[in-house]
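A.B. asks: In this note's numbering, the protein residues as written are 3 to 107. Just so it is clear, CB atoms sit at the ideal spot from N, CA and C, and this is done for glycine as well. Model, not experiment: these values are computed from the prediction.
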């Protein structure tokens, strides 16, 4: 899949980038830069997701456990970069303590 993303054919299929810029009311003469940006962001998000998915399904730990657990005992993993769609922003993944059972609410 990553090799297909790298080939860049997806970024021009069905003329979706031109349609996206038209939807955002960008004049035809000004579409080159926003179009390239859309392709870059989409490709980067897809690439990051696939790398994370491949790492997770191959049994490799893809997220580092943070040193301190949350106050409620939840395990914390991260930081997880949110990619070019949210530059500089990170998140954490919290997981219930081992063996914990949640009550239905």
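Considering just the uninterrupted stretch of the alpha helix (DSSP H) at residue 25, what are its terminal residues?
C.D. replies: From DSSP, the alpha helix (DSSP H) with residue 25 extends over 18-25.
A.B. asks: Based on Cα-Cα distance, which residue from 76, 74, 75, 91 lies nearest to residue 82?
C.D. replies: Ranking the options by Cα distance to residue 82, first place goes to 91.
A.B. asks: Find out if the Cβ-Cβ distance for the pair residue 19, residue 35 is shorter than 8 angstroms.
C.D. replies: Cβ atoms of residue 19 and residue 35: not closer than 8 angstroms.
A.B. asks: Can you list, in chain order, the residues of its chain whose CB lies under 6 angstroms from that of residue 22, leaving out five sequence neighbours each side?
C.D. replies: The answer, listed in chain order, is 40.
A.B. asks: By how many angstroms is the C-alpha of residue 14 removed from the C-alpha of residue 5?
C.D. replies: Rounded to whole angstroms, residue 5 to residue 14 spans 16 angstroms at the Cα level.
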